[in-house]
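Inspection log for the structure reproduced underneath, given as structure tokens.
2 protein chains.
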Amino acid sequence: MPLTISPLYQQIKTLLLENLKAAIWKPGEPIPSEMELAARFRVSQGTVRKAIDALTAENLLIRRQGKGTFVATHHEARAQFRFLRLVPDQGVPHYPENRILEVKSVKAPSDVALALGLRSGAATIFLRRVQSFAGVPTILDELWLPGTIFKGLTYERLVAYKGPMYGLFETEFSTHMIRATEKIRAVCADRATAELLEIKVGAPLMSVERISFTFGDKPVELRRGLYSTDAHHYQNELT
Amino acid sequence: MPLTISPLYQQIKTLLLENLKAAIWKPGEPIPSEMELAARFRVSQGTVRKAIDALTAENLLIRRQGKGTFVATHHEARAQFRFLRLVPDQGVPHYPENRILEVKSVKAPSDVALALGLRSGAATIFLRRVQSFAGVPTILDELWLPGTIFKGLTYERLVAYKGPMYGLFETEFSTHMIRATEKIRAVCADRATAELLEIKVGAPLMSVERISFTFGDKPVELRRGLYSTDAHHYQNELT
DNA sequence: AAGTGGTCTAGACCACTTT
DNA sequence: AAGTGGTCTAGACCACTTC
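In structure tokens:
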């Protein structure tokens with residue numbers, strides 16, 4: 165009976181992941197050098213490299229020659245547009261301005277609970293906001309977050325925070341988003357949406373439902389967005 | 165004056181790419197073994213591996229332990245859904261049925277010429293088709309292809325061909341699509357589109373403009389699709 | 001048994017950054 | 001000069017496929 169064990173570098177990768185998940189190495193900070201990790205795990209530098217390479221390919225680590233290997237973070241210019249695919253038809257991408265409409269605690273409806281892996285009726289934080297580009301309201305977002313993780317997230321804290329929301333989640337709630345899936349369709353604007361986005365009732369919109377995951381493929385955010393594509397489009401790369 | 169040369173494995177990668185581009189190694193066929201390439205290029209096996217790893221990550225090569233390394237091809241179950249992101253809301257993805265509406269030679273309009281890197285008025289092949297899933301018309305596609313490359317592509321050949329269009333391009337026109345960009349927005353169905361997709365005039369649709377590239381980042385296809393998202397959605401992974 | 005890709009090692013040296 | 005990641009080598013052995 166052959167006992168199949170995973171390759172060493174996979175095991176090392178798992179060990180590194182545990183340190184990231186437990187936030188022993190925090191976003192923005194360096195992890196130990198390759199030589200040190202090799203000594204710690206009693207393997208060669210090459211094996212550690214292969215594990216780090218895999219995590220680098222997954223955007224969890226960032227290598228900087230001469231400086232070290234760092235835990236990726238959502239505070240950083242390069243990370244700002246990683247999850248934001250809506251870009252202007254002309255000109256360069258710019259940062260969105262946020263207007264928080266509402267933040268409240270709600271019991272998870274069944275579809276939200278399903279998406280977040282919670283029990284129906286579990287505590288969640290719900291928030292709505294409008295994102296504008298160059299003053300033009302463009303995205304209407306609704307977010308649901310597990311209450312146990314995001315307890316204490318209030319309107320005041322959101323408004324006070326400068327920078328990307330995933331940065332706030334990282335720093336204030338120790339929740340690092342590492343992956344997301346999106347389901348996109350076309351819909352028509354209803355009355356309430358039309359008013360908020362300053363468009364006509366019935367105008368076509370992109371509906372984008374995103375589920376974001378942290379370590380261990382654990383879903384920690386459900387986001388439903390309506391995108392006005394009059395002057396922007398959703399940019400995607402197929403490889 | 166320091167002469168900066170690229171790493172050896174990058175140079176090897178470029179050499180391998182040249183063989184792929186020139187179709188010396190054809191889609192579906194094996195390339196020489198790592199040992200043989202190492203001997204040919206006078207480098208170690210590890211250096212060849214690193215070059216092949218990079219091309220594998222770009223979906224240009226496929227490794228099969230014990231068998232060899234093969235040139236990727238669009239004829240293959242696993243490649244069918246690589247560029248097709250529209251999936252049913254329920255159930256498993258199925259193959260689309262094609263109905264070719266029109267194939268003709270046209271002079272490239274300026275926007276098409278720009279996208280394909282041609283002169284305005286250059287010869288192109290234009291084709292329209294409807295794709296259906298389980299008998300339900302879902303996608304209305306318009307394609308422009310450079311006439312110099314796709315000369316001889318006729319309605320008859322398209323209809324006669326079984327399998328994915330990119331497979332046909334590969335086999336019959338020696339043009340291997342390796343990458344694409346998509347720009348997506350929401351629009352309303354006009355009268356003609358509504359009739360073809362059997363939906364109401366004004367119904368919301370996803371507009372997907374795709375530019376596909378072959379080796380050397382050369383654009384070789386412009387595709388404008390209108391997707392009905394009543395029972396399907398566009399699936400995307402953010403990493 | 002022979003050939004392929006996959007893993008792992010030990011060591012050398014290079015390129016970059018900081019001290 | 002010292003420390004970091006990046007490249008390259010040579011060799012060993014493993015896992016899988018084919019003959």
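Line order of the protein sequences matches chains A and B.
So the mapping is simple: the numbering used here equals the position in the first sequence, first residue as 1, plus 164.
So the mapping is simple: the numbering used here equals the position in the second sequence, first residue as 1, plus 164.
Quick reminder that beta carbons are idealized off the backbone N, C-alpha and C, glycines included.
Exercise. Cα-Cα, which of R249/B, H238/B, E198/B is closest to R228/B?
Worked result: Check the Cα spacing between R228/B and each of R249/B, H238/B, E198/B: the tightest is with E198/B.
For this session: Out of K364/B, L307/B, R343/B, point me to the one whose CA is closest to A221/B's CA.
Result: Residue R343/B holds the alpha-carbon nearest to the alpha-carbon of A221/B among K364/B, L307/B, R343/B.
Exercise. Taking contact to mean at least 3 C-beta pairs separated by less than 8 angstroms, is the region 373-390 of chain A in contact with the region 274-292 of chain A?
Worked result: Yes: at least three Cβ pairs fall under 8 angstroms.
Exercise. Which partner residues of E385/B appear in the DSSP bridge assignment?
Worked result: Its beta-bridge partners are S376/B.
Exercise. Given a limit of 8 angstroms on CB to CB distance, which residues of the region 242-261 of chain B reach chain A?
Worked result: Taking 8 angstroms as the upper bound on Cβ-Cβ separation, chain A lies near residues R246, F247, R249 of the region 242-261 of chain B.
For this session: Grab the span of the beta strand (DSSP E) containing Q295/A for me, first residue to last.
Result: Residues 287-297.
For this session: List the residues of chain A that E401/B touches, going by C-beta distances under 9 angstroms, in chain order.
Result: Among the residues of chain A, those whose CB is under 9 angstroms from the CB of E401/B are R343, A344, T345, E346, following chain order.
Problem set entry | Contact with chain B by Y398/A, beta-carbon distance below 7 angstroms | It does; some Cβ of chain B falls within 7 angstroms.
For this session: Closer than 7 angstroms, Cβ to Cβ, to anything on chain A: give me those residues from the region 348-372 of chain B, in chain order.
Result: From the region 348-372 of chain B, only I348, R349, A350, V351, C352, P368, L369, M370 have a Cβ closer than 7 angstroms to chain A.
Problem set entry | Straight-line Cα distance separating G366/B from N262/B | Cα to Cα, N262/B sits roughly 24 angstroms from G366/B.
For this session: Examine chain A for any beta-carbon lying closer than 7 angstroms to the beta-carbon of T393/B, and answer yes or no.
Result: Closer than 7 angstroms: yes.
For this session: May I have the straight-line CA-CA distance separating K185/B from V235/A, to the nearest angstrom?
Result: Between K185/B and V235/A, the C-alpha separation is close to 38 angstroms.
Exercise. Looking only at its own chain, which residues have a Cβ that is under 8 angstroms from the Cβ of R349/B, when we skip the five neighbours before and after it?
Worked result: Non-local C-beta neighbours of R349/B in its own chain, meaning closer than 8 angstroms and more than five positions away in sequence, comprise M370, S371, ordered along the chain.
For this session: Would you please state the rounded distance, in angstroms, between the beta carbons of I176/B and V207/B? I believe it to be under 8 angstroms.
Result: At roughly 7 angstroms, the Cβ-Cβ gap stays under 8 angstroms, so I176/B and V207/B are in contact.
For this session: Report the neighbours of E222/B on chain A: residues whose CB is nearer than 8 angstroms to its CB, in chain order.
Result: Listed along chain A, the residues sitting closer than 8 angstroms to E222/B by beta-carbon distance are T403.
Exercise. Does the count of Cβ pairs from the region 313-326 of chain B and the region 201-218 of chain B closer than 8 angstroms reach three?
Worked result: With a cut-off of 8 angstroms, the region 201-218 of chain B and the region 313-326 of chain B do not count as touching, because too few Cβ pairs lie within range.
Exercise. At what residues does the alpha helix (DSSP H) containing F247/B begin and finish?
Worked result: For F247/B, no alpha helix (DSSP H) run applies, since DSSP gives it neither H nor E.
Problem set entry | Of the listed residues V276/B, V323/B, A277/B, nearest to V294/B (C-alpha basis) | Ranking the options by Cα distance to V294/B, first place goes to V323/B.
Problem set entry | T318/B in three-state terms, based on DSSP | Correct three-state label for T318/B: coil.
Exercise. Quick one: what's got a C-beta closer than 7 angstroms to P191/B's C-beta in the same chain, skipping five residues either side?
Worked result: So the list reads V235, A236, T237, E334, H340, once near-sequence residues are dropped.
Exercise. Thinking C-alpha only, which one of K214/A, A395/A, V276/A is nearest V290/A?
Worked result: In the sequence as presented, Val is not what sits at residue 290/A; that position holds Phe. Residue V276/A is the option with its Cα nearest to F290/A.
Exercise. Just curious, the beta strand (DSSP E) that E266/A is in, first and last residue?
Worked result: Residues 261-271.
Problem set entry | Classification of Y391/A by the beta-carbon crowding that lies within 10 angstroms, buried from 16 upward | By the neighbour-count rule (16 or more Cβ atoms within 10 Å), Y391/A is buried.
For this session: For the alpha helix (DSSP H) containing Y398/A, list its first residue and its last residue.
Result: Taken as a continuous stretch (DSSP letters only), Y398/A belongs to no alpha helix (DSSP H), being part of the beta strand (DSSP E) at 396-402.
Exercise. What number of angstroms, rounded off, separates the C-alpha of T318/B from the C-alpha of S269/B?
Worked result: Rounded to whole angstroms, T318/B and S269/B show a C-alpha spacing of 10 angstroms.
Exercise. Using a Cβ-Cβ cut-off of 7 angstroms (strictly less than) and excluding sequence neighbours within five positions of E362/A, which residues of its own chain qualify?
Worked result: Around E362/A, the same chain offers P301 as residues with beta carbons nearer than 7 angstroms, after the five sequence neighbours per side are excluded.
Exercise. Can you check whether the CB of L304/B is closer than 7 angstroms to the CB of H396/B?
Worked result: It is not a contact, given that the beta carbons lie outside the stated cut-off.
For this session: Return the Cβ separation of T233/B and I188/B in integer angstroms, given the expectation that the two are a contact with Cβ distance under 8 angstroms.
Result: Contact doesn't hold; Cβ gap of about 14 angstroms is too wide.
Problem set entry | N- and C-terminal bounds of the alpha helix (DSSP H) containing E334/A | Here the alpha helix (DSSP H) through E334/A covers 329-337.
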